[in-house]
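Enquirer:
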Amino acid sequence: MVTTPDGRRVPPPQADERTTLEAWLDFHRATLALKCAGLDDRQVRLSPVAPSSMTLLGLVQHMAEVERNWFQRVFAGQDVPVVFEEGKGDDFALVPDRGLDEVLATWQEEVAHSRRLTADSSLDDSGRLSEFEAGHVGSHEVSLRWILVHMIEEYARHNGHADLLRESIDGVTGA
329 MVTTPDGRRV PPPQADERTT LEAWLDFHRA TLALKCAGLD DRQVRLSPVA PSSMTLLGLV
389 QHMAEVERNW FQRVFAGQDV PVVFEEGKGD DFALVPDRGL DEVLATWQEE VAHSRRLTAD
449 SSLDDSGRLS EFEAGHVGSH EVSLRWILVH MIEEYARHNG HADLLRESID GVTGA
């Protein structure tokens with residue numbers, strides 16, 4: 329397996345559809361983790377790109393919730409609560425006693441759960457969207473293929489935000 333200089337696995341240039349989709353999703357997951365590497369709790373709470381209040385810590389929290397929503401709620405049809413306790417800093421909101429180590433561990437648990445839920449599934453297997461989500465997509469059902477592509481897009485978009493945040497915090501660019 330080929331890796332980038334920073335250690336991320338490069339998705340294989342010749343692979344079947346499932347391997348390609350999962351490799352790109354894992355590449356973007358690794359990119360988000362890399363954007364937080366080497367920073368302390370104070371730094372990941374900074375929101376240096378005015379007027380936005382977005383932070384790296386908030387992005388990781390958000391992606392933990394996105395993983396849970398698309399793989400547990402939508403794909404597996406599970407009725408699960410939000411990742412972080414309601415009223416205690418859910419999604420992008422930060423709370424003083426929740427640090428980077430806890431948030432990264434929670435996000436990694438959600439990623440692992442996503443992998444377990446889809447391991448034996450076909451790309452053609454479908455999940456069911458809520459009425460609200462279906463209104464945006466145009467259908468109540470989405471395939472695992474669609475979910476994987478959407479997750480790649482979601483991570484790629486937020487990794488762009490993470491690039492700007494990280495550069496503003498300590499000047500680190502790339503990845």
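Numbering (the numbering used here), first residue to last: 329 to 503. Using N, Cα and C, we set each Cβ at its ideal position, and we do this for glycine too.
Give a yes or no on whether the C-beta atoms belonging to Leu457 and Val410 are separated by under 8 Å.
Expert: no
Enquirer: Which residue wins for smallest C-alpha separation from Met391, given the options Gln406, Leu374, Ala358, Gln371?
Expert: Ala358
Enquirer: For Thr446 and Ala404, I'd like the C-alpha separation in whole angstroms.
Expert: 9 Å
Enquirer: Can you name the start and end residues of the beta strand (DSSP E) that Glu317 belongs to?
Expert: Absent from the model: residue 317. The displayed extent of the chain is 329 to 503, so no value can be given.
Enquirer: Applying the criterion that 16 or more other CB atoms from any shown protein chain within 10 Å of the CB defines a buried residue, is His464 buried or exposed?
Expert: With fewer than 16 other Cβ atoms within 10 Å, it is exposed.
Enquirer: At the level of alpha carbons, what is the spacing between Glu459 and Glu430?
Expert: Spanning the alpha carbons of Glu459 and Glu430 requires a straight line of approximately 33 Å.
Enquirer: Quick check: the Cα distance between Leu387 and Ala433, rounded to an integer number of angstroms?
Expert: Distance between the alpha carbons of Leu387 and Ala433: 14 Å.
Enquirer: Rounded to a whole number of angstroms, what is the C-alpha to C-alpha distance between Pro339 and Thr501?
Expert: 21 Å
Enquirer: Assuming contact is defined by CB atoms lying nearer than 8 Å, are Asp453 and Leu472 in contact in what I supplied?
Expert: Against a cut-off of 8 Å, the Cβ pair of Leu472 and Asp453 comes out as a contact.
Enquirer: Could you name each continuous beta strand (DSSP E) segment of 3 residues or more that falls completely within the stretch 391-439, going from the start of the chain to the end?
Expert: Listed in chain order, there is nothing to give.
Enquirer: Can the beta-carbon of Leu476 be found less than 8 Å from the beta-carbon of Leu353?
Expert: yes
Enquirer: Give every residue of the same chain whose Cβ lies closer than 7 Å to the Cβ of Arg373, excluding the five residues on either side of it in the sequence, and list them in chain order.
Expert: Thr383, Leu385, Leu422
Enquirer: Per the DSSP calculation, Gly455 is bridged to which residue(s)?
Expert: Answer by DSSP bridge pairing, in chain order: Val470.
Enquirer: In angstroms, rounded to a whole number, what distance separates the CA positions of Trp474 and Glu438?
Expert: 19 Å
Enquirer: Determine the burial state of Glu345: buried for a count of at least 16 other Cβ atoms within 10 Å of its Cβ, exposed for fewer.
Expert: exposed
Enquirer: Looking only at C-alpha atoms, which of Pro424, Glu481, Ile480, Gln400 sits nearest to Ser272?
Expert: Past the edges of the chain, shown from 329 to 503, lies residue 272, and the structure says nothing about it.
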